[in-house]
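*Asks:*
In structure tokens:
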């Protein structure tokens with residue numbers, strides 16, 4: 242049996258090609274939703290025409306505060322004290338292999354639950370590294386733990402595969418190559434049913450939510466200054482993440498943004514809606530790794546508001562890694578037009594199909 246554990250929006254998006262591939266080929270699987278982004282995941286399932294998960298650990302909310310996260314983790318911890326509950330309720334008393342993704346808290350929880358049930362684990366997007374535990378934090382640490390204790394490591398590129406070899410994980414590393422996120426982006430980008438009414442044809446798409454940006458006032462101030470500078474040049478569509486808004490309010494920086502007519506606020510969008518905005522915008526400003534990837538696939542100029550990134554997509558091409566340096570930010574804003582590229586997906590033959598092929602072999606031998 243193939244077990245799949247997801248918790249966040251990004252994890253579900255990048256698992257979608259695998260889920261669809263398994264279903265298309267009539268291969269049985271067990272999908273477990275830890276519920277970190279429960280409401281967002283529900284919208285994604287509707288958008289991608291997916292069935293409900295086989296098991297919900299938490300349902301009806303999106304975890305956006307420390308208090309909510311603490312309650313969620315405590316709930317999982319107390320339930321996981323019973324190994325019989327994990328084996329019976331989560332993994333249906335079936336062996337096989339458990340698939341986890343990425344570098345979030347849900348990744349580690351999925352790894353922990355699978356190990357408690359004595360299942361083998363396979364990690365998607367293994368080998369991505371920033372080589373600095375503080376950036377991105379805590380994701381770089383989470384990814385290292387996931388790679389250390391997983392049994393199979395799916396590397397999405399030669400660079401990631403070489404990182405795994407250098408870490409001593411060659412024997413359990415598998416080069417796919419390619420990222421399932423590209424398959425999901427291609428599905429969303431080609432969805433003609435997605436419609437967004439925009440009052441402007443020229444605009445910047447702006448989104449940030451990383452912990453190391455929103456918890457430090459100095460960084461948060463720089464992000465706000467960048468947002469204000471762009472709004473003096475063109476309209477900005479600012480995607481509102483609840484943790485970002487909470488910290489803007491706590492620091493009082495939200496007051497700097499009030500009354501700015503060129504800033505248009507928008508709630509978190511479905512994947513297809515976001516890709517629709519990304520396709521139409523002049524450029525995107527973000528601190529998100531998945532957005533960095535998607536901007537690369539679509540050839541959009543991208544200003545990355547981070548000091549380091551664990552991804553190579555777009556660097557030296559359409560993406561400028563700012564390092565939170567004002568000079569680099571100003572450079573991008575003056576020259577972003579020169580960074581435009583034709584939208585072109587890499588067309589790597591089905592990374593999801595290769596992952597499924599390897600999982601089937603592994604699950605049969607487990």
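In the working numbering, the protein residues as written are 242 to 607. For each residue, glycine too, the CB sits at the ideal point set by N, CA and C. Note that the structure is a prediction, hence the values are computed from the model and not measured.
Examine the Cβ distances between the segment 375 to 386 and the segment 277 to 292 and report whether three or more of them are shorter than 8 Å.
*Replies:* No: fewer than three Cβ pairs fall under 8 Å.
*Asks:* State the Cα-Cα distance for the pair residue 246 and residue 260, rounded to the nearest angstrom.
*Replies:* Roughly 11 Å separates the two Cα atoms.
*Asks:* Can we say the segment 466 to 474 touches the segment 498 to 505, given the rule of at least three CB pairs closer than 8 Å?
*Replies:* Because the criterion of three Cβ pairs below 8 Å is met, the segment 466 to 474 and the segment 498 to 505 touch.
*Asks:* Quick one: give me the first and last residue of the alpha helix (DSSP H) that residue 512 is part of.
*Replies:* From DSSP, the alpha helix (DSSP H) with residue 512 extends over 512 to 521.
*Asks:* List in chain order: all unbroken beta strand (DSSP E) runs of 3+ residues lying wholly within the segment 348 to 398.
*Replies:* Counting only runs of 3 or more, we get 361 to 365, 393 to 396.
*Asks:* Please classify residue 229: does DSSP put it in a helix, a strand, or coil?
*Replies:* The requested residue 229 is not part of the displayed model; the chain covers only 242 to 607.
*Asks:* Just to confirm the assignment: which complete beta strand (DSSP E) runs, minimum length 3, are found wholly within the segment 493 to 572?
*Replies:* With a minimum length of 3 residues, the continuous beta strand (DSSP E) runs that stay inside the segment 493 to 572 are 504 to 508, 524 to 527, 543 to 545, 560 to 562.
*Asks:* How about residue 533 and residue 507: are their beta carbons less than 8 Å apart?
*Replies:* It is not a contact, given that the beta carbons lie outside the stated cut-off.
*Asks:* Which residue or residues does DSSP assign as beta-bridge partners of residue 489?
*Replies:* Bridge partners of residue 489: none, in fact.
*Asks:* What span of residues does the beta strand (DSSP E) with residue 479 cover, start to end?
*Replies:* Counting along the chain, the beta strand (DSSP E) containing residue 479 begins and ends at 477 to 481.
*Asks:* Taking just the CA atoms, how far does residue 503 sit from residue 253?
*Replies:* Computed Cα separation, rounded: 33 Å.
*Asks:* If contacts are defined as beta-carbon pairs under 8 Å, then residue 446 and residue 415 qualify, I think. What distance do you get, rounded to the angstrom?
*Replies:* At roughly 34 Å, the Cβ-Cβ gap does not stay under 8 Å, so residue 446 and residue 415 are not in contact.
*Asks:* Alpha carbon to alpha carbon, how far is residue 278 from residue 250? Give it in angstroms, no decimals.
*Replies:* Residue 250 and residue 278: Cα-Cα distance of roughly 6 Å.
*Asks:* On the CB-based measure, 16 or more other CB atoms within 10 Å of its CB, does residue 426 come out buried or exposed?
*Replies:* By the 10 Å Cβ count, residue 426 comes out buried.
*Asks:* How many Å lie between residue 356 and residue 391 at the Cα?
*Replies:* Distance between the alpha carbons of residue 356 and residue 391 is about 9 Å.
*Asks:* If you run the structure through DSSP and keep just helix, strand and coil, what is residue 457?
*Replies:* Note: residue 457 maps to coil in three-state DSSP.
*Asks:* Which residues does DSSP pair with residue 244 in a beta bridge?
*Replies:* Partner(s): 271, 339.
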